[in-house]
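Below is one structure, written out as structure tokens; the observations come after it.
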Amino acid sequence: IVNTRGNAVWKAAPDGEVVAEWTGTSPFEYHGDPVELRHRARASPEYKHYNSIGFCGDRIYVVAHNGAGADRSLRSFVVVLNDALEEIGRVEDVGTSAHDLLFFGTDLYVCSSGEGILLKNFEPVLRSDRYLRGIDRVGSILFIGGTPREPDPLKRPAANSQLFFVDAANHRILHVATLGRVGNVHE
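See below:
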């Protein structure tokens with residue numbers, strides 16, 4: 409489980425009990441008001457905004473947005489953990505405001521949301537003028553959400569977002585569906 413606000417990755421038992429934790433820095437404890445926790449966490453230089461998790465073989469991959477905290481200029485990275493939640497690797501500079509990862513066989517796709525770039529094995533394969541967030545696939549077609557860039561969060565709910573249908577073999581956009589006023593695409 410990725411606990412984004414808590415700055416942690418948890419391994420949980422089927423009943424929900426947390427049996428192991430990895431943070432890479434310091435966890436943020438929840439003691440009441442979730443708004444206060446969000447502001448306190450994001451004000452910390454240790455806040456990484458872990459937001460996505462994926463699995464390949466016996467490895468766990470976690471995306472660190474890393475630009476949602478006090479310093480929005482920080483570059484994103486991907487942490488590689490083993491089953492014991494020990495960090496065994498890290499890929500630095502995975503774009504800006506990265507979200508979502510998807511394994512397609514052994515190929516790893518990540519959205520460098522802030523740059524509007526889809527990465528395959530950490531190399532750019534598709535560029536867009538949108539904030540890319542949300543990726544999945546059916547067969548050989550990738551589905552990627554795209555939201556207009558809007559710095560004012562109050563205006564984002566009125567955004568005319570899009571869904572890109574992308575051929576995974578050559579990363580060519582096959583179709584774009586305009587979703588209307590759905591706001592940000594998250595998943």
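Numbering-wise (the numbering used here), the sequence shown opens with residue 409 and increments by one.
We put the CB at the ideal spot given by N, CA and C, even for glycine.
#1: Alpha carbon to alpha carbon, how far is D423 from D501? Give it in angstroms, no decimals.
#2: Could you give the first and the last residue of the continuous beta strand (DSSP E) run that contains P442?
#3: Residue range of the beta strand (DSSP E) that S460 falls in?
#4: Could you tell me the distance, in whole angstroms, from the CA atom of A472 to the CA atom of N529?
#5: For S521, does the three-state DSSP call read helix, strand or coil?
#6: For V533 and V518, what's the separation of their Cα atoms in angstroms?
#7: What distance in whole Å lies between the Cβ atoms of G524 and H594, which are believed to be in contact at a cut-off of 8 Å?
#8: Applying the 10 Å Cβ sphere with the 16-neighbour rule, what's the burial state of T504?
#9: By DSSP, does P565 sit in helix, in strand, or in coil?
#10: Give me, in chain order, the residues of the same chain whose beta-carbon lies closer than 7 Å to that of R545; leave out the 5 immediate sequence neighbours on both sides.
#11: Strictly by DSSP, which residues pair up with R541?
#12: To the nearest angstrom, report how far apart L489 and R450 are at their CA atoms.
#13: Quick one: Cα of G588 to Cα of V427, how far?
#14: Just to check my reading of the structure: H507 and N459 have Cβ atoms closer than 8 Å, yes? What is that Cβ distance to the nearest angstrom?
#15: In chain order, what residues of the same chain lie with their CB nearer than 8 Å to the CB of S548, ignoring the 5 residues before and after it?
#16: Helix, strand or coil, according to DSSP, for A476 in the structure here?
#17: What does the alpha-carbon distance come out to for the pair G554 and S536?
#18: For G414 and V486, I'd like the C-alpha separation in whole angstroms.
Judging by the given coordinates:
#1: For the purposes of this step, residue 501 is taken as the residue at position 93 of the sequence shown. For the purposes of this step, residue 423 is taken as the residue at position 15 of the sequence shown. Cα to Cα, D501 sits roughly 36 Å from D423.
#2: Locating residue 442 in the sequence shown gives position 34, counting from the first residue. Taken as a continuous stretch (DSSP letters only), P442 belongs to no beta strand (DSSP E), being part of the alpha helix (DSSP H) at P442 to A451.
#3: For the purposes of this step, residue 460 is taken as the residue at position 52 of the sequence shown. Note, S460: beta strand (DSSP E), Y458 to C464.
#4: Position 64 of the sequence shown holds residue 472. Position 121 of the sequence shown holds residue 529. For A472 and N529, the distance between alpha carbons rounds to 16 Å.
#5: The residue you call residue 521 lines up with position 113 of the sequence shown. It is helical.
#6: Here residue 533 is taken as the residue at index 125 of the sequence shown, counted from 1. Here residue 518 is taken as the residue at index 110 of the sequence shown, counted from 1. Going from the Cα of V533 to the Cα of V518 covers about 10 Å.
#7: As a first step, residue 594 must be located in the sequence shown, where it is residue number 186. As a first step, residue 524 must be located in the sequence shown, where it is residue number 116. With a Cβ gap of about 16 Å, H594 and G524 do not count as contacting.
#8: To locate residue 504, count along the sequence shown from 1; it is residue 96. With 16 or more other Cβ atoms within 10 Å, it is buried.
#9: Numbered from its first residue, the sequence shown carries residue 565 at position 157. Looking at P565 - three-state DSSP - the assignment turns out to be helix.
#10: The sequence position of residue 545 within the sequence shown is 137, counting from 1. Taken in chain order, the residues that qualify are L510, F512, F551 and A576.
#11: For the purposes of this step, residue 541 is identified with residue 133 of the sequence shown, where counting begins at 1. Looking at the DSSP assignment, R541 forms no beta bridge with any residue, so it has no partner.
#12: Reading the sequence shown from its first residue, position 81 is the one you call residue 489. Reading the sequence shown from its first residue, position 42 is the one you call residue 450. Roughly 24 Å separates the two Cα atoms.
#13: Along the sequence shown, read from residue 1 onward, the residue named residue 588 stands at position 180. Along the sequence shown, read from residue 1 onward, the residue named residue 427 stands at position 19. Cα to Cα, the separation comes out at about 42 Å.
#14: On the sequence shown, residue 507 is found 99 positions in, with the first residue counted as 1. On the sequence shown, residue 459 is found 51 positions in, with the first residue counted as 1. That pair is a contact at about 6 Å.
#15: Walking along the sequence shown from the start, residue 548 turns up at place 140. So the qualifying residues of the chain are D575, A576 and A577.
#16: For this step, residue 476 is matched to residue 68 along the sequence shown. Correct three-state label for A476: coil.
#17: The residue you call residue 554 lines up with position 146 of the sequence shown. The residue you call residue 536 lines up with position 128 of the sequence shown. Computed Cα separation, rounded: 8 Å.
#18: Position 6 of the sequence shown, counted from the start, is the residue given in the question as residue 414. Position 78 of the sequence shown, counted from the start, is the residue given in the question as residue 486. The alpha-carbon atoms of G414 and V486 are separated by roughly 17 Å.
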